[in-house]
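In the numbering used here, the protein residues as written are 214 to 320.
What follows is a single structure, written as structure tokens, with notes after it.
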Amino acid sequence: MDARLDEYQAIVSSFNGKKNLITAKGFWNDNPAGEVSEDDTFYVGDNYYKGKISSDGNYVSPVELDCSSEAFPGVWDIKEEKRVVFDDREGPLSIDEKCKNLFTLKN
């Protein structure tokens, strides 16, 4: 991981917590060997404020809000520690609309 090359990993933890809640490619792993491969980092681009946490605290997106199967690192369900992937064939909404709905404040 090298900030000069714009390669990053995400950390999702509780306040005052030290443990990353998600263990997957693209997320920080406190590896004693310090080995991080290129396919385990992501590029943020010019905007460092793209990451989002849903208002209910159930979902996180370290970079772009993208629930497609090609997204990396994608959107994650924090409790289930699983990536959220939607398909256009599932219902009338597009992948983007379904993904945005996860992050929309519900009454």
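Ideal placement from N, C-alpha and C gives every residue a C-beta, glycine not left out.
If the five residues before and after serine 274 are omitted, its C-beta is found closer than 7 angstroms to the C-beta atoms of Gly264, Lys265, Val288, all from its own chain and listed in chain order. Where lysine 295 is concerned, the enclosing beta strand (DSSP E) starts and stops at 295–297. DSSP places aspartate 309 inside the alpha helix (DSSP H), whose first and last residues are 308–315. For aspartate 290, the enclosing beta strand (DSSP E) has its first and last residue at 288–290. For valine 276, no beta strand (DSSP E) run applies, since DSSP gives it neither H nor E. Counting other Cβ atoms within 10 Å of its Cβ, leucine 318 stays below 16 and is therefore classed as exposed. Here aspartate 279 is buried: its Cβ has 16 or more other Cβ atoms, across all protein chains shown, within 10 Å. When rounded, the separation of the alpha-carbon atoms in asparagine 242 and valine 225 is 11 angstroms.
Here DSSP, grouped into helix, strand and coil, assigns alanine 223 to strand.
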